[in-house]
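A.B. asks: For the sequence shown, position 153 (counting from the first letter as 1) is numbered 153 according to the UniProt record's numbering, and the numbering increases by one without interruption.
Have a look at this one.
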Amino acid sequence: MAADDPTTRTLISAAQLRRGRGRVLYWIVLAVVVTAFTLVFLGPLYWMVTGALKSGQEVAQTPPSLFPRDPRPQNYADAWANLDLAKLLFNTFYYATGAVLFQLVFDTAAAYALSKLRPVLGGLILGMMLATLMIPAMVLIVPQYVTVIDLPILHLNLLDSPFAIWLPLVANAFNIFLLKRFFDSIPEDLMAAAVMDGATPLRTLWSIVLPMSRPILGVVAIFAVTAVWKDFLWPKLVMPSPETRTVSVGIYAFAGGTPMNVVIAASVIAAIPTVVLFLLFQRNIMSGLTTGGLKG
């Protein structure tokens with residue numbers, strides 16, 4: 001076992017774990033830590049799901065009830081119908097799909113160029129990209145909005161256009177860095193063999209790099225989807241029309257005249273796609289994030 005391996009180093013030695021007192025203490029600490037983290041992460045989700053089953057008075061009461069006294073599943077049907085969630089979810093899915101395609105094309109091309117083509121001043125360019133991560137997102141709201149309402153050179157107004165959401169998401173320095181790190185781990189022997197066979201850089205990218213990069217491409221895609229799904233301020237500014245709203249903006253717009261339990265039910269429905277997406281692809285997320293840091 002791993003505990004008997006002399007090269008394995010842990011906080012508690014294998015000898016201590018074999019003793020009765022050490023084993024009991026270890027399992028107590030482990031159970032407390034796991035339970036605490038489970039409550040911290042699942043507590044808000046539980047409150048949302050159960051809060052959507054309560055009446056308006058029960059949601060507002062203090063102290064809150066742990067279980068719904070009179071569960072009302074009808075709240076979910078009311079949220080779906082009254083807030084027009086089908087339209088809001090379709091809009092958000094449409095924007096998220098476009099964001100995924102734009103980021104996969106342009107961020108992959110940028111990372112491939114920086115990793116394998118190595119342009120002049122490539123390191124400086126990457127450093128300047130990473131420096132933008134230090135700028136708070138709120139600082140960029142005004143210049144981005146000014147750009148959207150009057151696109152330079154073309155002088156187009158992109159309000160209520162999906163490009164108002166897609167274009168600011170294209171140049172994502174964090175995703176470019178993740179992709180570059182993954183591309184760096186691809187052996188140079190494969191790249192050299194492709195060049196010897198007469199493959200162009202584009203052909204090498206399509207036939208060798210991309211098939212090997214499916215885990216990290218999946219991570220970038222999931223990040224793009226969640227970024228669009230959870231964003232509120234930017235879609236509220238650039239999508240003022242009710243017909244183009246995202247789900248988060250739509251729920252906020254209807255919250256003023258809608259019972260709180262129905263609003264909570266709408267929030268649960270809106271959160272389901274991203275939770276399911278994470279549960280389905282959590283293994284891909286972890287493998288994509290860790291593989292890029294491995295060499296050899």
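Backbone N, C-alpha and C define an ideal beta-carbon position, used for all residues, glycine too.
Checking 8 Å against the spacing of the C-beta atoms, do residue 182 and residue 216 come in under that value?
C.D. replies: yes
A.B. asks: Anyone know if the C-beta pair for residue 52 and residue 276 falls short of 8 Å?
C.D. replies: no
A.B. asks: To the nearest angstrom, how far is the alpha carbon of residue 208 from that of residue 101?
C.D. replies: 20 Å
A.B. asks: Excluding the five sequence neighbours on either side, which residues of its own chain have a C-beta within less than 6 Å of the C-beta of residue 293, listed in chain order?
C.D. replies: Because residue 293 carries a pLDDT of 47, less than 50, the predicted location of this residue cannot be relied on, and no value is offered for it.
A.B. asks: Secondary structure at residue 107, three-state DSSP: helix, strand or coil?
C.D. replies: In this structure, DSSP gives residue 107 a helical state, which the three-state scheme calls helix.
A.B. asks: Counting only the same chain and skipping the five closest in sequence on each side, list residues whose C-beta sits under 6 Å from that of residue 54.
C.D. replies: 68, 261
A.B. asks: Hey, could you find the ends of the alpha helix (DSSP H) residue 82 is sitting in?
C.D. replies: 74-82
A.B. asks: Please work out which residues of its chain come closer than 6 Å, Cβ to Cβ, to residue 265, disregarding the five sequence neighbours upstream and downstream, and give them in chain order.
C.D. replies: 52, 75, 76, 79
A.B. asks: Nearest to residue 131 by CA position, among 174, 167, 168, 278, is which residue?
C.D. replies: 174
A.B. asks: Using only CA atoms, which one of 34, 170, 84 lies nearest to residue 258?
C.D. replies: Checked all of 34, 170, 84; the closest Cα to residue 258 is 84.
A.B. asks: Under three-state DSSP, which class holds residue 61?
C.D. replies: coil
A.B. asks: At the level of alpha carbons, what is the spacing between residue 270 and residue 248?
C.D. replies: 8 Å
A.B. asks: Within 10 angstroms of the Cβ of residue 81, are there 16 or more other Cβ atoms? Answer buried if so, exposed if not.
C.D. replies: By the neighbour-count rule (16 or more Cβ atoms within 10 Å), residue 81 is not buried but exposed.
A.B. asks: Looking only at its own chain, which residues have a Cβ that is under 7 Å from the Cβ of residue 113, when we skip the five neighbours before and after it?
C.D. replies: 119.
A.B. asks: Less than 6 Å between C-beta atoms, sequence neighbours within five positions excluded: which residues of the same chain meet that for residue 228?
C.D. replies: 95, 96, 99
A.B. asks: Name the residue from 107, 64, 89 whose alpha carbon lies nearest to the alpha carbon of residue 50.
C.D. replies: 64
A.B. asks: When DSSP labels each residue in this structure, what does residue 297 get in the three-state scheme?
C.D. replies: Outside the shown range of the chain, which is 1 to 296, sits residue 297, and nothing can be said about it.
A.B. asks: Can you tell which of 127, 104, 186, 243 has the C-alpha that lies nearest to the C-alpha of residue 166?
C.D. replies: Closest by alpha carbon: 104.
A.B. asks: When you compare only the Cα positions, how much space is there between residue 172 and residue 107?
C.D. replies: 7 Å
A.B. asks: How big is the Cα-Cα spacing for residue 141 and residue 234?
C.D. replies: 8 Å
A.B. asks: Spatial neighbours of residue 204 within its chain, please: CB distance less than 6 Å, with the 5 preceding and 5 following residues excluded, ordered by chain position.
C.D. replies: 194
A.B. asks: Taking just the CA atoms, how far does residue 169 sit from residue 148?
C.D. replies: 13 Å
A.B. asks: With DSSP run on the structure shown, which of helix, strand or coil describes residue 71?
C.D. replies: Correct three-state label for residue 71: coil.
A.B. asks: Assign residue 282 to buried or exposed, taking buried as 16 or more other Cβ atoms, counted over all protein chains shown, within 10 Å of its Cβ.
C.D. replies: exposed
A.B. asks: So residue 189 is in the alpha helix (DSSP H); what residue range does that whole segment cover?
C.D. replies: 188-196
A.B. asks: Locate the alpha helix (DSSP H) running through residue 183, then write down its first and last residues.
C.D. replies: 173-184
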